[in-house]
Amino acid sequence: MLQEATTPSNQNIDKTEVINQLKKTPLNVLKKANDLGQFITVTNDNITNHPDKWSLRDQTPRGWNNGLTWKDVPGVGALGKSANYPYNGDETFIALSKDALINKWSISKNHGSINLVLHEYAHAIDRSFGEKANMGQEGLGNAGDYLSRRNSFRRARKADLGNTAPNSSYFYY
Numbered sequence: 123m124l125q126e127a128t129t130p131s132n133q134n135i136d137k138t139e140v141i142n143q144l145k146k147t148p149l150n151v152l153k154k155a156n157d158l159g160q161f162i163t164v165t166n167d168n169i170t171n172h173p174d175k176w177s178l179r180d181q182t183p184r185g186w187n188n189g190l191t192w193k194d195v196p197g198v199g200a201l202g203k204s205a206n207y208p209y210n211g212d213e214t215f216i217a218l219s220k221d222a223l224i225n226k227w228s229i230s231k232n233h234g235s236i237n238l239v240l241h242e243y244a245h246a247i248d249r250s251f252g253e254k255a256n257m258g259q260e261g262l263g264n265a266g267d268y269l270s271r272r273n274s275f276r277r278a279r280k281a282d283l284g285n286t287a288p289n290s291s292y293f294y295y
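Using this note's numbering, the letters of the sequence shown correspond one by one to residues 123 to 295.
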């Protein structure tokens with residue numbers, strides 16, 4: 123379920139922090155995701171240090187207009203069936219940074235989520251369960267038929283947001 127791909131390729135990354143965050147996911151969800159072929163690749167510093175993502179280094183992610191590029195992105199959830207070759211639609215990317223003072227790998231803080239691992243993995247689960255397990259709104263396993271597009275999901279999310287403090291949706295994974 124976890125692998126690593128770094129630049130340079132001989133760099134060893136301690137994946138303990140990623141594992142600790144994944145432990146917060148219910149076991150039945152982890153098992154189902156694994157059965158559906160989901161996996162996480164841990165890389166160093168940013169996702170473009172993954173050998174297959176190097177070409178994105180100076181490109182701007184879709185929808186971004188703040189001058190940042192893919193080399194500023196610390197994580198990406200699996201893209202699902204819409205992924206194009208050479209990308210694997212079941213692969214989630216998490217970049218770790220090494221703190222030179224304490225010689226320890228940690229999850230990047232350069233993002234807007236409370237928990238980068240759970241945020242990106244939730245995208246993967248949304249896409250994989252919807253498309254590959256036929257749990258999406260259409261239930262046909264088509265590309266783009268995510269769990270989050272189900273009416274039942276949207277109703278539940280709206281109800282959850284209605285029971286939280288104003289602006290608390292920012293803090294959702």
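Glycine is no exception: its CB is placed at the ideal position from the N, C-alpha and C atoms.
It should be emphasised that the depicted structure is a prediction, and the values quoted were computed from it without experimental measurement.
Under the three-state DSSP convention, the category T214 falls into: The residue given as residue 214 occupies position 92 in the sequence shown. Residue state, collapsed to three classes: strand.
Reduced DSSP secondary structure (H/G/I, E/B, other) of Y295: What you label residue 295 is simply residue 173 of the sequence shown in a count that begins at 1. Annotation note: pLDDT 46 at Y295 (below 50); position unreliable, no value reported.
Rounded C-alpha distance that separates D282 from S131: The count along the sequence shown starts at 1 and reaches residue 282 at position 160. The count along the sequence shown starts at 1 and reaches residue 131 at position 9. Roughly 43 angstroms between the two C-alpha positions.
Helix, strand or coil at K280 according to DSSP, with G and I counted as helix: Residue 280 sits at position 158 when you count from the first residue of the sequence shown. Here K280 sits in helix by DSSP.
Classification of V164 by the beta-carbon crowding that lies within 10 angstroms, buried from 16 upward: For the purposes of this step, residue 164 is identified with residue 42 of the sequence shown, where counting begins at 1. Burial of V164 is indicated by the presence of at least 16 other C-beta atoms within 10 angstroms of its C-beta.
4-residue-minimum alpha helix (DSSP H) runs that sit fully inside the segment 131-172, ordered along the chain: Counting only runs of 4 or more, we get 138-144, 149-157.
CA-to-CA distance, D167 to D221, given in whole angstroms: On the sequence shown, residue 221 is found 99 positions in, with the first residue counted as 1. On the sequence shown, residue 167 is found 45 positions in, with the first residue counted as 1. Distance between the alpha carbons of D221 and D167: 11 angstroms.
Residue nearest to K226 in terms of C-alpha spacing, selected from A127, Q125, N134, L124: The residue given as residue 226 occupies position 104 in the sequence shown. Ranking the options by Cα distance to K226, first place goes to N134.
Environment of N285 [buried if 16+ CB atoms lie within 10 Å]: Position 163 of the sequence shown, counted from the start, is the residue given in the question as residue 285. With a threshold of 16 other beta carbon atoms within 10 Å, N285 falls short and is exposed.
From R277, F275, R279, E242, residue whose alpha carbon lies closest to that of G199: Indexing the sequence shown from 1 puts residue 199 at position 77. For G199, the nearest C-alpha among the options comes from E242.
Assumed close pair K146, F251 - CB separation to whole angstroms, cut-off 8 angstroms: Residue 146 sits at position 24 when you count from the first residue of the sequence shown. Residue 251 sits at position 129 when you count from the first residue of the sequence shown. Beta-carbon to beta-carbon, K146 and F251 are separated by about 18 angstroms, too far to satisfy the 8 angstroms threshold.
Spatially closest choice to K254 from R276, A217, I236, G202, by CA coordinates: Here the question's residue 254 lines up with position 132 in the sequence shown. When each option's Cα is compared against that of K254, the closest is G202.
Assumed close pair E139, S228 - CB separation to whole angstroms, cut-off 8 angstroms: On the sequence shown, position 17 is the one that residue 139 refers to. On the sequence shown, position 106 is the one that residue 228 refers to. With 8 angstroms as the limit, E139 and S228 qualify as a contact, their Cβ atoms being about 6 angstroms apart.
Close beta carbons around A265, own chain, < 8 angstroms, minus the five adjacent residues each side: Taking the sequence shown and counting its residues from 1, one reaches residue 265 at position 143. Closer than 8 angstroms at the Cβ level, and outside the excluded window around A265, lie G202, K203, S204, E253.
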